[in-house]
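Residue numbers (UniProt numbering): 1 to 635.
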């Protein structure tokens with residue numbers, strides 16, 4: 001069977017919207033390869049990187065993969081041909097194509113060996129002319145002998161996988177006797193090498209450490225009869241009361257991520273009859289040191305067909321990469337601080353006296369940008385501000401071809417895709433798992449990203465009959481917080497009222513009252529507290545909301561923020577719209593803040609507190625104002 005290549009439409013759009021320049025090998029293709037029955041490549045993301053020499057591949061590939069879940073691999077390269085070769089591509093001139101690849105790659109095998117693959121994908125990006133703005137693509141497969149053009153299939157669905165999360169803490173002690181940055185980095189390098197050498201002695205534990213996965217890929221202490229990764233996911237699905245298999249039957253329920261702990265194997269069974277006495281070097285003395293715990297937090301994705309030997313390799317390699325990333329962060333953000341006091345050494349050289357060292361403890365964050373098909377793992381130093389990390393985020397956005405006007409990698413948006421509830425116990429993204437809208441042949445546009453559901457009676461606060469607009473505003477504020485646009489907490493009713501008083505919109509007696517607010521007050525608070533501006537749509541009656549379809553489609557496709565709609569005495573949140581230009585039919589995805597029950601997703605969806613509503617939902621005689629918050633431009 002022929003080799004196949006597949007990619008989702010959103011990942012393809014992300015790649016072709018990237019800031020590409022130059023010619024030659026410009027990055028890595030990241031994804032999965034299935035070798036049965038024939039090789040099948042699935043592309044999840046790309047990592048833009050100027051690759052000059054094939055000799056640099058191994059270290060560069062490891063650095064690239066440290067940002068992705070264990071189990072993901074570099075499966076190919078992004079290649080930008082020279083201008084003279086574009087015609088060969090368009091004309092399908094195989095001889096010209098061969099010459100271009102031979103000049104760029106020279107010996108094909110030296111590019112394959114570091115990836116441990118017999119063949120790789122070449123994603124070729126080109127423009128018909130220098131004045132063109134859109135990138136065209138062709139896909140090739142390169143083996144040791146040739147480069148062959150292949151077709152690529154596009155889809156919206158991502159192949160289901162088994163997801164695991166390894167968490168542990170590794171205590172280290174670093175000497176801080178250093179007088180220079182180089183000496184401190186040498187001390188860190190020593191600890192890094194020591195831990196890297198120990199990676200083979202880590203074992204992975206399931207079920208409260210009662211089931212241990214060791215190096216040969218065998219389980220110890222297992223009474224569960226696991227014979228494959230399929231058995232592991234089946235066991236956890238049954239334990240959690242979920243459908244069997246990796247395919248989700250209920251999209252409202254996030255896929256269960258199998259928890260894994262990591263242990264250090266202190267003693268190892270001898271593999272030979274020969275025994276040796278250990279040699280121990282023991283130096284007694286005093287020195288300054290700093291102790292800290294490295295937070296291991298690794299995500300891994302494997303298929304049901306993954307063997308236990310492969311699973312151990314995937315987990316241990318991912319831990320190895322993260323340890324390296326943690327030390328890179330330590331080294332980059334730790335410097336020898338100096339007092340103003342000068343000292344002289346034995347040679348009469350004057351230098352500043354080192355003061356107390358401060359190591360920035362690294363922290364691990366997982367992100368799931370909406371425009372790629374994989375999670376992204378980053379290590380940031382604790383104690384730094386988002387402003388201080390802006391340059392690093394910009395570099396990462398370029399590496400991943402992410403938009404340069406959206407804060408997709410800020411710490412506030414980390415980890416939400418791993419949870420069903422937000423901090424405080426609020427439900428996240430209550431629309432996930434709903435049936436499709438009832439409008440046929442419709443364009444559907446939805447809120448983009450994460451929000452939490454805020455409604456009457458939450459937070460032990462009785463706002464029944466008057467607080468619906470406040471709750472809708474809280475939902476909108478949660479969206480800006482969880483997308484990383486603000487670090488500010490979601491405002492309380494009193495803080496909302498205080499903001500309106502502070503800007504002169506309300507009198508002092510309004511603060512602490514039970515008075516309603518409307519769409520315009522919502523926009524004032526967003527502007528004052530978050531710096532978010534809003535646009536407005538106004539209709540004279542509920543019947544006229546049928547004319548807003550194209551405006552709402554445009555809003556969700558370009559802004560993706562929740563919309564607050566106020567009319568008469570009621571306020572709601574619009575999370576999406578389905579609109580048919582052919583028939584004029586329209587349906588609104590409504591999140592209702594008037595719900596007074598507990599955080600039960602089944603009740604909320606089944607009873608219509610979050611669901612699709614047709615035109616009969618609206619009061620035909622009431623006027624409505626729609627507040628459409630606009631995203632700020634930042635990274």
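Glycine included, every Cβ here is placed at the ideal spot set by N, Cα and C.
Buried versus exposed, by CB contacts within 10 Å (16 or more), residue 140: Answer is buried; the Cβ neighbour count reaches 16.
Find out if the Cβ-Cβ distance for the pair residue 636, residue 593 is shorter than 7 Å. No statement about residue 636 is possible, as the shown extent of the chain runs from 1 to 635 and does not include it.
In three-state DSSP terms, what is residue 51? coil
Smallest Cα separation from residue 553: which of 456, 528, 579? Among 456, 528, 579, the Cα nearest to that of residue 553 is on 579.
Residue 412 in three-state terms, based on DSSP: helix
In this structure, how does DSSP classify residue 136 when only helix, strand and coil are distinguished? Collapsing the DSSP output to three states places residue 136 in a strand.
Nearest CA to the CA of residue 44: which residue from 405, 551, 157, 113? The candidate whose alpha carbon is nearest that of residue 44 is 157.
Below 7 Å between beta carbons: does that hold for residue 567 and residue 624? yes
Have a look at residue 471 and residue 590 and give me their C-alpha separation to the nearest angstrom. Cα to Cα, the separation comes out at about 14 Å.
Look at residue 365 and residue 414 and say whether their C-beta atoms are less than 7 Å apart. Against a cut-off of 7 Å, the Cβ pair of residue 414 and residue 365 comes out as a contact.
Using 8 Å as the cut-off, can you tell me whether the stretch 507 to 525 makes contact with the stretch 441 to 456, which would need three or more C-beta pairs spanning the two stretches below that distance? no
Can you give the Cα-Cα distance for residue 196 and residue 318, rounded to whole angstroms? 12 Å
Exposed or buried, residue 439, counting other C-beta atoms within 10 Å across all chains shown (16 or more means buried)? buried
Any idea which residues DSSP pairs residue 625 with across the strands? 538, 566
Quick one: using the 10 Å Cβ neighbour count with 16 as the cut-off for buried, is residue 314 buried or exposed? Under this definition residue 314 is a buried residue.
Can you tell me whether DSSP reads residue 328 as helix, strand or coil? helix
Burial state of residue 423 (16 or more Cβ within 10 Å): Residue 423 is exposed by the Cβ-count criterion.
With DSSP collapsed to three states, give me the class of residue 173. strand
Since residue 73 sits in a beta bridge, which residues does DSSP pair it with? Under DSSP, residue 73 shares a beta bridge with 31.
So is residue 94 buried or exposed if we call it buried at 16+ other beta carbons inside 10 Å? exposed
Entirely enclosed alpha helix (DSSP H) segments - the stretch 477 to 564, minimum 4 residues: Listed in chain order, they are 493 to 502, 519 to 525, 549 to 558.
Beta carbon of residue 333 nearer than 7 Å to that of residue 381: yes
Using a threshold of 7 Å, state whether the C-beta atoms of residue 4 and residue 40 are closer than that. In terms of Cβ geometry, residue 4 and residue 40 form a close pair [threshold 7 Å].
Straight-line gap, residue 336 to residue 239 (C-alpha atoms, nearest Å): Low confidence applies here, because residue 336 scores a pLDDT of 48, under 50, leaving its location unreliable; read the following figure in that light. The alpha-carbon atoms of residue 336 and residue 239 are separated by roughly 51 Å.
Alpha carbon to alpha carbon, how far is residue 67 from residue 363? Give it in angstroms, no decimals. 13 Å
Between the C-alpha atoms of residue 312 and residue 115, what's the straight-line distance to the nearest angstrom? 19 Å
Residue 292 - containing beta strand (DSSP E), residue span: Residues 289 to 302.
In its own chain, which residues sit with a C-beta less than 7 Å from the C-beta of residue 533, not counting the 5 before and 5 after it? 527, 630
Give me the DSSP bridge partner(s) of residue 165. 259, 299
Under the rule that 16 or more other beta-carbon atoms within 10 Å means buried, what is residue 168, buried or exposed? buried
Please state whether DSSP places residue 615 in a helix, a strand or coil. helix
Rounded separation between residue 545 and residue 605 - CA only: Taking the Cα positions, residue 545 is about 24 Å away from residue 605.
Among 466, 506, 622, 174, whose alpha-carbon lies nearest the alpha-carbon of residue 542? 622
For residue 475 and residue 573, believed in contact at Cβ under 8 Å, the rounded distance: 5 Å
Going straight from the alpha carbon of residue 371 to that of residue 484, what length do you get? 16 Å
With the cut-off set at 7 Å, would you say residue 408 and residue 369 are in Cβ contact? yes
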